[in-house]
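Asker: I have a structure here, written as structure tokens, and I will follow up with some questions on it.
Numbering (our numbering), first residue to last: 1 to 184.
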């Protein structure tokens with residue numbers, strides 16, 4: 001029963017998400033945290049961090065981690081298959097047109113309209129995640145998690161201004177996190 005539910009949930013998430021890995025995160029958060037209550041917002045923050053730093057698509061990694069938490073290895077497999085099924089079907093259909101040399105005007109117009117909506121969804125998700133990290137119990141308090149979060153936001157701002165390699169950023173973040181953990 002839970003495996004079918006995992007498949008159905010991630011099939012729906014995969015079918016309704018446009019715009020890449022970060023665009024799918026608000027859908028996963030809404031369903032997995034707010035509707036199904038499978039994860040807390042703090043656990044979702046961990047899923048996003050791990051999904052970003054492990055190889056592969058973010059949506060697939062997130063589905064795997066959520067599936068593992070809910071139903072172990074079989075849950076990871078089922079959630080992963082669920083999230084990629086719509087994309088596989090869509091790409092099989094669209095690839096026929098994409099490689100035919102014909103213009104797909106309706107698709108181009110649809111994507112032009114979807115892009116701002118996707119940016120808005122990502123922004124709402126980021127604001128919610130930042131709030132959950134800085135104010136996890138409803139009030140601000142200074143501890144190693146908040147200090148690390150502030151460092152993360154500073155690193156993010158620097159990354160926006162000065163383009164740096166993501167691998168270096170992840171390594172620097174890991175070192176900073178480790179140093180705060182050891183010093184506090």
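Cβ atoms here follow ideal geometry from the backbone N, Cα and C, with glycine treated the same way. Note that the structure is predicted; figures quoted are calculated from it, not measured.
Residue 31 and residue 9: beta carbons closer than 7 Å?
Answerer: Indexing the chain shown from 1 puts residue 31 at position 31. Indexing the chain shown from 1 puts residue 9 at position 9. Yes, the pair counts as a contact, with Cβ atoms nearer than the cut-off.
Asker: Run through DSSP, which three-state label would residue 57 get?
Answerer: Locating residue 57 in the chain shown gives position 57, where the first residue counts as 1. Residue 57 falls in the coil class under three-state DSSP.
Asker: Check whether the segment 54-61 and the segment 96-107 touch, using three or more Cβ-Cβ pairs below 8 Å as the test.
Answerer: Judged by Cβ distances under 8 Å, the segment 54-61 makes no contact with the segment 96-107, as fewer than three pairs qualify.
Asker: Going by CA-CA distance only, name the one from 152, 159 and 161 that's closest to residue 130.
Answerer: Taking the chain shown and counting its residues from 1, one reaches residue 130 at position 130. It is 152.
Asker: What is the DSSP secondary structure of residue 39, reduced to helix, strand or coil?
Answerer: Here residue 39 corresponds to residue number 39 of the chain shown, with the count starting at 1. The answer is coil: DSSP assigns residue 39 none of H, G, I, E or B.
Asker: Do residue 67 and residue 56 have their C-beta atoms closer together than 7 Å?
Answerer: Here residue 67 refers to the residue found at position 67 of the chain shown. Here residue 56 refers to the residue found at position 56 of the chain shown. Result no, Cβ atoms of residue 67 and residue 56 do not sit closer than 7 Å.
Asker: Report buried or exposed for residue 16, applying the criterion of at least 16 other Cβ atoms within 10 angstroms of its Cβ.
Answerer: Here the question's residue 16 lines up with position 16 in the chain shown. It is exposed - the Cβ of residue 16 has fewer than 16 other Cβ atoms within 10 Å.
Asker: What is the DSSP secondary structure of residue 50, reduced to helix, strand or coil?
Answerer: Your numbering for residue 50 matches position 50 in the chain shown. Residue 50 falls in the helix class under three-state DSSP.
Asker: For the alpha helix (DSSP H) containing residue 9, list its first residue and its last residue.
Answerer: As a position in the chain shown, residue 9 is number 9, starting the count at 1. That run of the alpha helix (DSSP H) goes 2-16.
Asker: By Cβ distance, which residues of its chain are closer than 7 Å to residue 132, with the 5 residues on each side in sequence left out?
Answerer: As a working mapping, residue 132 is identified with position 132 in the chain shown. Taken in chain order, the residues that qualify are 41, 42 and 45.
Asker: Under the three-state reduction of DSSP, which class applies to residue 104: helix, strand or coil?
Answerer: Start at 1 with the first residue of the chain shown, and residue 104 comes out as number 104. Three-state DSSP puts residue 104 in coil, outside helix and strand.
Asker: In terms of alpha-carbon separation, which member of 35, 4, 49 and 166 lies closest to residue 83?
Answerer: Counting from one through the chain shown, the residue named residue 83 turns up at place 83. Considering only alpha carbons, the answer is 4.
Asker: Do you know how far the Cα of residue 172 is from the Cα of residue 33?
Answerer: Here residue 33 refers to the residue found at position 33 when the chain shown is read from its first residue. Here residue 172 refers to the residue found at position 172 when the chain shown is read from its first residue. Between residue 33 and residue 172, the C-alpha separation is close to 29 Å.
Asker: Tell me the residue span of the alpha helix (DSSP H) that contains residue 27.
Answerer: As a first step, residue 27 is located in the chain shown; it is residue number 27 there, counting from the start. Segment 21-28, the alpha helix (DSSP H) holding residue 27.
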